[in-house]
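Just so we're aligned, residue 28 is where the sequence shown starts under the working numbering, counting upward by one.
Where a beta carbon is used, it is the ideal one built from N, C-alpha and C, also for glycine.
As the structure is a prediction and not an experimental result, all values here were calculated from the model.
One structure below.
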Amino acid sequence: MDRKEEIRQRTKRFAVNIIHLYCALPKTHPAVQVVGKQMLRAGTAVAAIYREASRARSKADFVAKIELCTQEADETQLWLEVLHEGCSMNLPLQTELWQEANELIAIFVTMAKNTKGITTTSP
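So this is what it looks like as structure tokens:
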């Protein structure tokens, strides 16, 4: 499997797991549902926007979409944190999804930098 397909599958798996977490949230807590819907929207957007990026018409279009993926993954982390800290939700999948979002952010940032031709130097 090539790198593009690997990330495509990984972002889809991330979206599916976000859906599973959302479905596991209690339906009786309005605040949890509001935060959960925000997480659901941002988390599933990562996969959708990555698919758009994989069909970009130019390098600039690709970079713009990859940077959107980064933003949506970061927002997903925010909602996962709010579920934990603000809504006292502590489901096992939350930690895994937060870590996966973190890894996806690192991948997307690297992809954008590489496409822009920006080199990073180690301290």
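Exposed or buried, residue i, counting other C-beta atoms within 10 Å across all chains shown (16 or more means buried)?
i      : result
Cys20  : An answer regarding residue 20 cannot be provided, because it is not within the stretch 28 to 150 covered by the chain.
Glu99  : buried
Val43  : exposed
Val73  : buried
Glu112 : exposed
Ala69  : buried
For residue i, does the three-state DSSP call read helix, strand or coil?
i      : result
Gly144 : coil
Pro150 : With a pLDDT of only 47 at Pro150, under 50, the local geometry of the prediction cannot be trusted, and the value read off the model is given with reservation. Residue state, collapsed to three classes: coil.
Pro57  : helix
Leu105 : helix
Asp88  : helix
Asn44  : helix
Gly113 : coil
Leu124 : helix
Arg1   : Given that the chain is displayed from residue 28 to residue 150, the structure contains no residue 1 and the question cannot be resolved.
Arg82  : coil
Nearest CA to the CA of residue i: which residue from the options?
i      : options                : result
Ala51  : Met138, Leu118, Phe135 : Leu118
Gly63  : Lys86, Glu102, Gln98   : Glu102
Leu67  : Leu110, Gln126, Asn129 : Leu110
Gln126 : Ala87, Arg37, Ala83    : Arg37
Gly144 : Ala87, Ala128, Met116  : Ala87
(request) Tell me, please, whether the stretch 73-92 touches the stretch 132-142 by the rule of three or more beta-carbon pairs shorter than 8 Å. (result) yes
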